[in-house]
Amino acid sequence: MRLALRREFACSEEQLRSVAAVESGERGYGDIASSSAMGLARELKLPPRRIASAMADGLSGLSFVEGVTVDGPGFVNITLSNGYLSSMAARLANEGLAGILGECGPRGRALVEFVSSNPTGPLTVGHCRQAVLGDAISRLLSAVGWTVSREYYFNDAGRQMDRLAESLAARCDQLRGGAMPVPEGGYQGAYILDWARDLLLSEPGIAWPEDRERFRKAATGRAFDLIRNDLELLDISFDRYFAESELIPGAVEEAIDRLNRAGLTYDDPDGSGKLWLKLTALGRPEDRVVRRAGGGYTYRMPDIAYHLDKFSRRFDLLVDVFGSDHIDTCRDVEAAVSALLGADTVGRTLRTVIHQFVTLSRGGETVRMSTRSGEFVTLRDLVDEVGSPDVTRFLFLTRRAEAHMDFDLAVARKDSEENPVFYIQYAFARIGGILRAAGDRFRDTDAGQAADLLREPRERVLLRLLEALPVRVSEAAADLSPHRITETASELATAFHGFYTQHKVMDEGNPSLTRARMLLCLACREGLKGLLEVLGISAPERM
RNA sequence: GCCCCUGUAGCUCAGUUGGAUAGAGCGGCGGUUUCCUAAACCGUAGGCCACAUGUUCAAGUCAUGUCAGGGGCACCA
Numbered sequence: 242m243r244l245a246l247r248r249e250f251a252c253s254e255e256q257l258r259s260v261a262a263v264e265s266g267e268r269g270y271g272d273i274a275s276s277s278a279m280g281l282a283r284e285l286k287l288p289p290r291r292i293a294s295a296m297a298d299g300l301s302g303l304s305f306v307e308g309v310t311v312d313g314p315g316f317v318n319i320t321l322s323n324g325y326l327s328s329m330a331a332r333l334a335n336e337g338l339a340g341i342l343g344e345c346g347p348r349g350r351a352l353v354e355f356v357s358s359n360p361t362g363p364l365t366v367g368h369c370r371q372a373v374l375g376d377a378i379s380r381l382l383s384a385v386g387w388t389v390s391r392e393y394y395f396n397d398a399g400r401q402m403d404r405l406a407e408s409l410a411a412r413c414d415q416l417r418g419g420a421m422p423v424p425e426g427g428y429q430g431a432y433i434l435d436w437a438r439d440l441l442l443s444e445p446g447i448a449w450p451e452d453r454e455r456f457r458k459a460a461t462g463r464a465f466d467l468i469r470n471d472l473e474l475l476d477i478s479f480d481r482y483f484a485e486s487e488l489i490p491g492a493v494e495e496a497i498d499r500l501n502r503a504g505l506t507y508d509d510p511d512g513s514g515k516l517w518l519k520l521t522a523l524g525r526p527e528d529r530v531v532r533r534a535g536g537g538y539t540y541r542m543p544d545i546a547y548h549l550d551k552f553s554r555r556f557d558l559l560v561d562v563f564g565s566d567h568i569d570t571c572r573d574v575e576a577a578v579s580a581l582l583g584a585d586t587v588g589r590t591l592r593t594v595i596h597q598f599v600t601l602s603r604g605g606e607t608v609r610m611s612t613r614s615g616e617f618v619t620l621r622d623l624v625d626e627v628g629s630p631d632v633t634r635f636l637f638l639t640r641r642a643e644a645h646m647d648f649d650l651a652v653a654r655k656d657s658e659e660n661p662v663f664y665i666q667y668a669f670a671r672i673g674g675i676l677r678a679a680g681d682r683f684r685d686t687d688a689g690q691a692a693d694l695l696r697e698p699r700e701r702v703l704l705r706l707l708e709a710l711p712v713r714v715s716e717a718a719a720d721l722s723p724h725r726i727t728e729t730a731s732e733l734a735t736a737f738h739g740f741y742t743q744h745k746v747m748d749e750g751n752p753s754l755t756r757a758r759m760l761l762c763l764a765c766r767e768g769l770k771g772l773l774e775v776l777g778i779s780a781p782e783r784m
């Protein structure tokens, strides 16, 4: 198509690059369509239909093309040949989705940072969305060839951890009959009482404030036990838990030096000893304090150092998954890091996914949540209430990250009984049923036969969708949008259910048709398996 | 007050980066089972794509403004 354009109209390379075709949907305009002729019409000062015809001519000889038409104001509609579609289905059946995607070759090393919640208590519903999202993004990236590391960054050096330790100490004291109060802004959750009880058993003499460090250690350890357990529930794990304290003071001071040398810091004019970061010089709305008068760092500073550290580890892609409450700080961090390493480098490698919050309600009434006050719904509660990790994952992965989520626990429970997850898994299980019935028979995956035999509309819909799967997955990965995978998986399940209901696969009297349809089933099985794998959802052989 | 995100069917959400007649699930109504799993399938009803203006061959999609909801605006994390 591009060759034809160049020959006929002497298009520039840039114009040629803009030529593209997309899936045309169910409107009867072929399988893929291009609207590029209309775009080029202006630049080339030629009627769009004339350009479109040239594009069509360039396509009509190709083996994967069954037919091309020029319709409407200048659309080029392409119908793919059955031979091509069948051969793609055969490849999918033989190599699996992972096999086909693997052929693009390795893409480099990627680091995905997510959850990064501080170890102060169990994970809540809000973290759950992020955990599932980050995990799915990681799976998606590895599916298309990235070598992915997952990292969990946590702040263990700040005041919050002091408060947590003090809260634990207070509970210990109270258990021994004392009257030490939980500190202002401390943690009220019941789980801390459990920690206190256990701590007193092993260290009965522990005392505040002498044993501050031991309280801290105990609290952090217990909190991470909770967090790891919760993540395990959803089958999520990390390659590294990165502690803020590893950066203090060395890496942080070094980062401050670098910012200093770049002229991006200044001492507080009132002589208090505070150090400010000149973010307004970087296009941000406000300067921020990065080192307090007492010498402690504010949240942004170690975070900048952490990002510098990540860059120094030479990843080709850095993905940050954050909640919308971090939007401002992460823009600040981005600006500071860009100033030090160059906007090009940072723009090329760092990508931030900001997801909106989950508002939780029960029967229409909003449930307010706060880890400090101890009022929250935990990830564990949510999974219990929804019924299964698979359904929980799916619910969070059907929406794009920027969409707000209204999550009614009552509705979620009800929905989970008749759920799109089951719908997809059921398609997979139905194929399992066919394979059990067929045994070892009818399993040769020869595309040549199938091309002539799979001509029913439902079969064609399936073939076309199967052919599109690798592209769909690549696009979802490029967009860091796992919700596209849930969409595609549902669509594939619909196509299969439609086919299954209308056509019988096993037909002892017609072995060649049976073989052709078996090929379709095997391809579909691989497709569903691959998509569910990206989502981290199980694919059951029977239900 | 300033910044970010969002507004699409009764509800929850997609919408292929500006394309042709705006889709799905749930809910409503009506149908389908001697047959590889009915957790399925088929049909039907339901829309001022929040509102206004603009950009152009073409706007749910881009720009500006208005309204509404969520989040942020710590020397907490």
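Those letters in the first sequence? Residues 242 to 784, by our numbering. Yeah, the Cβ is synthetic: ideal placement off N, Cα and C, and Gly gets one too. Here the structure is a predicted model, which is why all the values come from computation and not from measurement.
Alpha-carbon to alpha-carbon, residue j and residue i
{"i": "T361", "j": "S390", "result": "24 Å"}
{"i": "E487", "j": "A546", "result": "10 Å"}
{"i": "A245", "j": "E708", "result": "25 Å"}
{"i": "E749", "j": "P630", "result": "40 Å"}
{"i": "Q256", "j": "C345", "result": "25 Å"}
{"i": "A282", "j": "R725", "result": "32 Å"}
{"i": "A780", "j": "A351", "result": "27 Å"}
{"i": "R404", "j": "L440", "result": "17 Å"}
{"i": "S265", "j": "P543", "result": "49 Å"}
{"i": "R332", "j": "R572", "result": "44 Å"}
{"i": "G426", "j": "G337", "result": "53 Å"}
{"i": "T639", "j": "V531", "result": "38 Å"}
{"i": "V587", "j": "D511", "result": "34 Å"}
Residue i, enclosing alpha helix (DSSP H) - first and last residue
{"i": "Y432", "result": "Y432 to S443"}
{"i": "T521", "result": "T521 -> no alpha helix (DSSP H), and no H or E assigned at all."}
{"i": "V746", "result": "Where V746 is concerned, there is no enclosing alpha helix (DSSP H), given that its DSSP letter is neither H nor E."}
{"i": "R529", "result": "Here R529 belongs to no alpha helix (DSSP H); instead the beta strand (DSSP E) covers R529 to R532."}
{"i": "S715", "result": "P698 to A719"}
{"i": "E407", "result": "R400 to L416"}
{"i": "A692", "result": "A688 to L694"}
For residue i, three-class secondary structure by DSSP
{"i": "G340", "result": "helix"}
{"i": "F669", "result": "helix"}
{"i": "F395", "result": "strand"}
{"i": "T755", "result": "helix"}
{"i": "T388", "result": "strand"}
{"i": "F456", "result": "helix"}
{"i": "D312", "result": "strand"}
{"i": "E494", "result": "helix"}
{"i": "L516", "result": "strand"}
{"i": "V423", "result": "coil"}
{"i": "R555", "result": "coil"}
{"i": "Y538", "result": "strand"}
{"i": "V662", "result": "helix"}
{"i": "E487", "result": "helix"}
{"i": "G307", "result": "Gly is not the amino acid found at residue 307; the sequence shown has Glu there. In this structure, E307 counts as strand in the three-state DSSP scheme."}
N- and C-terminal bounds of the beta strand (DSSP E) containing residue i
{"i": "D649", "result": "M646 to D649"}
{"i": "D508", "result": "T506 to D508"}
{"i": "Y482", "result": "R481 to A484"}
Beta-carbon proximity of residue i to residue j, cut-off 8 Å
{"i": "D557", "j": "G349", "result": "yes"}
{"i": "L710", "j": "A330", "result": "no"}
{"i": "H475", "j": "V373", "result": "It is worth fixing the name first, because residue 475 is Leu in this sequence and not His. Going by C-beta atoms, L475 is nearer than 8 Å to V373."}
{"i": "E392", "j": "F465", "result": "no"}
{"i": "L601", "j": "V618", "result": "yes"}
{"i": "L518", "j": "R529", "result": "yes"}
{"i": "N323", "j": "L695", "result": "yes"}
{"i": "A274", "j": "V263", "result": "yes"}
{"i": "L620", "j": "L434", "result": "no"}
{"i": "S443", "j": "V423", "result": "no"}
{"i": "E249", "j": "A293", "result": "no"}
{"i": "A670", "j": "E767", "result": "no"}
{"i": "R756", "j": "F683", "result": "yes"}
{"i": "W436", "j": "A410", "result": "no"}
{"i": "L342", "j": "A384", "result": "yes"}
{"i": "F483", "j": "Y394", "result": "yes"}
Quiz item: Fully enclosed by the stretch 253 to 288, which beta strand (DSSP E) runs are 3 residues long or longer?
Solution: As summarised for the stretch 253 to 288, the continuous beta strand (DSSP E) elements at least 3 residues long and confined to that stretch are 273 to 275, given in chain order.
Quiz item: Taking the runs of the beta strand (DSSP E) that are 3 residues or longer, which of them lie wholly in the stretch 317 to 376?
Solution: Runs of the beta strand (DSSP E) spanning 3 or more residues and lying entirely within the stretch 317 to 376 occur at 349 to 354, in chain order.
Quiz item: Unbroken beta strand (DSSP E) runs of length 3 or more, entirely within the stretch 562 to 640: which are they?
Solution: Qualifying beta strand (DSSP E) stretches, in chain order: 591 to 596, 599 to 603 and 606 to 608.
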